[in-house]
Amino acid sequence: LKPAAHALFKKLKDEELELLVQVVESRGAWESGCVLAPRGDPRGAKQGLPPQVLLCRLFRWPDLHQSHELKHLCYCAGGRGGCGDLAVLCCNPHHFSRLAVPGEAEPLGQKQRLEGTEHENQGMEPAVTPSRRKRLQHGMKGSCWGSSLGPAPPPPPPPQPCSPLPDTSLSWSTVKDGCWCKLAYWEYRTRVGRLYAVHEASVNVFCELPWGSGFCLAQLPAAHRSRAVRRARGKIGQGLLLSQEPGGVWAYNRSEHPIFVSSPTLSPAGASGLTVLKVLPGYSAKVFDYEWAGDRGGWQLPGEGPCDPHSIRISFAKGWGPCYSRQFITSCPCWLEVLLNQPH
1 LKPAAHALFK KLKDEELELL VQVVESRGAW ESGCVLAPRG DPRGAKQGLP PQVLLCRLFR
61 WPDLHQSHEL KHLCYCAGGR GGCGDLAVLC CNPHHFSRLA VPGEAEPLGQ KQRLEGTEHE
121 NQGMEPAVTP SRRKRLQHGM KGSCWGSSLG PAPPPPPPPQ PCSPLPDTSL SWSTVKDGCW
181 CKLAYWEYRT RVGRLYAVHE ASVNVFCELP WGSGFCLAQL PAAHRSRAVR RARGKIGQGL
241 LLSQEPGGVW AYNRSEHPIF VSSPTLSPAG ASGLTVLKVL PGYSAKVFDY EWAGDRGGWQ
301 LPGEGPCDPH SIRISFAKGW GPCYSRQFIT SCPCWLEVLL NQPH
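Numbered per full-length UniProt numbering, the sequence shown spans residues 1 to 344.
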């Protein structure tokens, strides 16, 4: 990757290079602008990797190979064609996620991925100033070996079958006020705090997200939490990004631990069992499909009764269902219910 990175860094403008350094150091903790690079393969690259694949491979996923494995995040202007110049594209590595698809095998573990990438990343010396070179090299080592990147970010702002859960489906007044969904946060079978209405196209759900805005779970009341709940909440961190995009709803896992998702449209048509999708850190999944949902009736969950067919359930760090010891999501210490307004 050394020749390819040399060629790419030479093509970046000074302000683009500085933005890249800041993004790598922050590990994507803030929604930064696009890092624009000329389209086409960097000269000298034997693999012929596109710029976005090259930088994502260097700083996030050493086992990445093709651009079709990536998805632009919703706030990337380059992904929406908003940069206004067809000759450039965004290669900000934190403007991308990898795709999680139901039924696919999980990617290789961190140790396995590194066996093939340690040698090719050694001796990487971007054609930039010594200060930036050091910061970028530090970022690569952090992405490859899992070590932290510099100082920590600033602190965040202050089974038996169960009876049915309380009804949290959306009322007509909610539909009229223009929000596309409301969020309910649960700890086991207890809902904590009020419903959170989402009016913007995307929302962050988090405990610790420097400079972040959205649904901050750390601000919810904390009476009588068990040790298991406190442990699970400690793994939420930067949480997830939930976005309404053409045709459906996507979830991007920003945390350092898996999230587990179920919805009516994740299960194959006619399936009697529950499908729970494991979404690894840095991955995105389409967790609800509006068109597919329109052809379905009610959503019946084993042991929990009927559920709103326009809803999504997401557990932080703990899985449930047939493959886990927890059979029901109400056995998970921290989880989120997404109640969708049906599109007209």
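Even glycine gets a Cβ: it sits at the ideal position worked out from N, Cα and C.
Alpha-carbon to alpha-carbon, A29 and K11: Rounded to whole angstroms, K11 to A29 spans 26 Å at the Cα level.
Within 8 Å, strictly: CB atoms of A251 and S284: Yes, they are a contact pair.
C216 and A197 closer than 8 Å at C-beta: With contacts defined by Cβ atoms closer than 8 Å, C216 and A197 do not form a contacting pair.
For R191: DSSP bridge partner residues: Note: R191 is bridge-paired with W186 in the DSSP secondary-structure output.
C-alpha gap between L58 and V249, whole angstroms: Spanning the two alpha carbons is a distance of roughly 29 Å.
Same chain, Cβ closer than 8 Å to L55, neighbours up to 5 away in sequence not counted: Setting aside the 5 residues that flank it on each side, L55 is surrounded in the same chain by L8, L20, V35, C91, N92 and P93, each with a C-beta closer than 8 Å to its C-beta; the list follows chain order.
Proximity of V276 and G321 at Cβ, strictly below 8 Å: One thing to note: V276 has its Cβ within 8 Å of the Cβ of G321.
Which listed residue (L241, C323 and E187) has its alpha carbon closest to that of R225: Comparing Cα-Cα distances from R225 to each of L241, C323 and E187, the minimum goes to E187.
Rounded straight-line distance, which links the Cα of P3 to that of R254: Computed Cα separation, rounded: 31 Å.
Residue environment, A87, which counts as buried when at least 16 other CB atoms sit within 10 Å: For A87, the number of other beta carbons within 10 angstroms of its own is below 16, and it is reported as exposed.
Counted within 10 angstroms of its Cβ, other Cβ atoms place S325 as buried (16 or more) or exposed: Under this definition S325 is an exposed residue.
Separation of R39 from P258, as counted between CA atoms: The C-alpha of R39 is placed about 33 Å away from the C-alpha of P258.
Contiguous alpha helix (DSSP H) assignments of at least 4 residues, all confined to the region 51–99: Within the region 51–99, the complete alpha helix (DSSP H) runs of at least 4 residues are 51–59.
Identified DSSP bridge partners for V198: Per DSSP, C181.
Any alpha helix (DSSP H) of 4 or more consecutive residues that is wholly inside the region 215–271: Counting only runs of 4 or more, we get 227–233.
Cutoff 7 Å; reference E16; Cβ partners in own chain excluding five residues on either side: Exclusion of the five residues before and after E16 leaves V35 and L36 as the residues of its chain whose Cβ lies within less than 7 Å of its Cβ.
Three-state secondary structure assigned by DSSP to A4: The answer is helix: DSSP assigns A4 an H, G or I state.
CA nearest to the CA of H310, picked from S331, A222 and L266: It is L266 whose Cα lies nearest to the Cα of H310.
Buried or exposed by the 16-neighbour rule on C-beta atoms within 10 Å, applied to K13: With fewer than 16 other beta carbons inside 10 angstroms of its own, K13 counts as exposed.
Top-ranked residue by Cα proximity to I312, from L241, G234 and L340: Comparing alpha-carbon positions, the option among L241, G234 and L340 lying closest to I312 turns out to be L340.
R233 versus P210, P246, L183 and V205, residue with shortest Cα-Cα distance: Comparing Cα-Cα distances from R233 to each of P210, P246, L183 and V205, the minimum goes to V205.
Integer-rounded CB distance, given that L89 should sit under 8 Å from K71: The pair is not a contact, with the Cβ atoms about 14 Å apart (cut-off 8 Å).
Inter-residue Cα distance where the pair is Q66 and L49: Looking at the backbone, the Cα of Q66 and that of L49 are separated by about 8 Å.
Cα-Cα separation, K182 to C76: Each residue's CA atom was taken as its position, placing K182 and C76 some 24 Å apart.
V24 - containing alpha helix (DSSP H), residue span: For V24, the uninterrupted alpha helix (DSSP H) run begins and ends at D14 to S26, by DSSP.
Whole-number beta carbon distance between L274 and S263, since they are thought to touch under 8 Å: Actually they do not touch by this definition, with Cβ atoms about 10 Å apart.
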